[in-house]
Amino acid sequence: GAGVSQSPSNKVTEKGKDVELRCDPISGHTALYWYRQSLGQGLEFLIYFQGNSAPDKSGLPSDRFSAERTGGSVSTLTIQRTQQEDSAVYLCASSLRQGSGNTIYFGEGSWLTVV
Amino acid sequence: AQSVTQLGSHVSVSEGALVLLRCNYSSSVPPYLFWYVQYPNQGLQLLLKYTSAATLVKGINGFEAEFKKSETSFHLTKPSAHMSDAAEYFCAVSDLNAGNMLTFGGGTRLMVKP
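Protein chains in written order, with the numbering used here: chain L, 343 to 457; chain E, 54 to 167.
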C-alpha cells in the first residue's frame with residue numbers, strides 16, 4: 343500500500359482480555375516502530391525493529407506487552423491481560439532504513455479502549 | 054540522552070496572525086529534528102525535518118522552522134494562520150546515539166480563532 347496500514351482502527355476490549363494490533367509498513371521499509379499515545383502522556387516509544395537485528399524493546403512498559411515482526415514486514419503488537427491504563431492510541435511507523443535523519447512515516451493508529 | 058521540550062501545550066492565534074510554536078531540544082551529538090502535525094482522529098504527518106543541511110527548513114502548508122544551535126531550538130513558524138492549521142503539533146529529535154529512534158515533545162495544540 344501507499345502508507346503504513348494499521349488494524350483494527352478501533353478496538354474495545356474487556357479488562358483482562360488479550361488484544362493483538364497489526365501493522366503493515368510501507369513496502370521496502372526495513373525499520374518499524376511502535377509508539378503509544380495516551381491522554382496527558384504524549385507519544386511514548388515502545389519497540390523498534392530494524393531488519394533482522396534483535397528488536398529494541400526498551401520502551402515496553404511491562405511484560406504484558408510483546409511484539410513480533412514476521413518476514414521482515416508485518417508486525418503484531420500483543421497486549422496480554424489488558425488493564426484500563428492500556429487504553430491509548432497505538433501508532434505504528436516505518437522508515438526506509440536505519441540511518442541519519444530518515445523520515446519516519448506513521449499509520450493512523452489503533453484506538454484501544456479497555457473497559 | 055536526547056529530549057525535547059515544547060513550551061506551551063496550547064497556543065491560540067487569530068486567523069491571519071503569525072504562528073509560533075516553540076521547541077527546544079537536548080542532544081549530545083548533532084541532532085536531526087522533525088515537526089509532525091496530527092489532525093483530529095488521524096495519524097502523524099511530517100511537516101518538515103532538519104538534517105544538517107540548511108538551517109532554515111521549509112515544509113508543507115507554508116510552515117518553516119529554523120535550527121539554532123546556540124539556542125538549541127527548532128521553533129516552527131507560519132506567517133499567516135489558517136483555520137485548517139488547527140491541529141496538534143509535535144517536535145521530535147533523533148540522533149545516531151539513539152539508533153535513529155524519535156523522541157517526541159509533549160505536543161502543542163494550535164487553535165485558530167476566526
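Quick reminder that beta carbons are idealized off the backbone N, C-alpha and C, glycines included.
Owing to the predicted nature of the structure, the values given are computational and were not obtained by experimental measurement.
Interface flag for alanine 435(L) against chain E is set, since a Cβ pair is found closer than 9 Å. In the structure shown, asparagine 114(E) adopts helical secondary structure according to DSSP, grouped into three states.
Close to isoleucine 446(L), with beta-carbon spacing below 7 Å, are these residues of chain E in chain order: Leu155. Threonine 108(E) counts as exposed, since fewer than 16 other beta carbons sit within 10 angstroms of its beta carbon. Here alanine 396(L) is exposed. Its C-beta has fewer than 16 other C-beta atoms within 10 Å. In summary, serine 436(L) is buried, with 16 or more beta-carbon neighbours lying within 10 Å of its beta-carbon over all protein chains present. By the Cβ rule, the region 346-363 of chain L does not count as touching the region 381-392 of chain L, because fewer than three pairs are nearer than 8 Å. Taking 9 Å as the CB threshold, valine 346(L) lines the interface with chain E. Contact of glycine 112(E) with chain L by beta-carbon distance below 8 Å is absent, the smallest such distance being about 12 Å.
By the Cβ criterion, the region 124-131 of chain E is in contact with the region 66-78 of chain E, since at least three pairs of Cβ atoms, one from each stretch, lie closer than 8 Å. For tyrosine 78(E), same chain residues with a beta-carbon under 8 Å away, outside a window of 5 residues either side, are Gln55, Ser56, Val57, Thr58, Pro84, Leu86, Thr125, Ser126, Phe127, Cys144 and Val146 in chain order. Residue pairing for alanine 145(E): DSSP places it in a beta bridge opposite Phe87(E) and Phe157(E). Take the alpha-carbon of glutamine 422(L) and the one of histidine 371(L): they are about 28 Å apart.
By the neighbour-count definition (other C-beta atoms within 10 Å, threshold 16), arginine 439(L) is an exposed residue. If you look at asparagine 352(L), you'll find it in the beta strand (DSSP E) that goes 352-355. Here glutamate 410(L) is bridged, per DSSP, to Thr418(L). Burial check for alanine 430(L): the Cβ neighbour count within 10 Å reaches 16 or more, so the residue is buried. Neighbours of glycine 61(E) in chain L, taken as residues at a C-beta separation under 9 Å, are lacking, since the least C-beta distance is about 14 Å. Of all residues in the region 130-151 of chain E, only Phe143, Ala145, Ser147, Asp148 and Leu149 place a beta-carbon less than 9 Å from a beta-carbon of chain L.
Counting only Cβ-Cβ distances below 7 Å, leucine 99(E) has contacts in chain L at Thr445, in chain order. Burial state of methionine 154(E) is buried, judged by a 10 Å Cβ sphere holding 16 or more other Cβ atoms. Across the structure, valine 416(L) and lysine 166(E) are spaced so that their CA atoms are roughly 42 Å apart.
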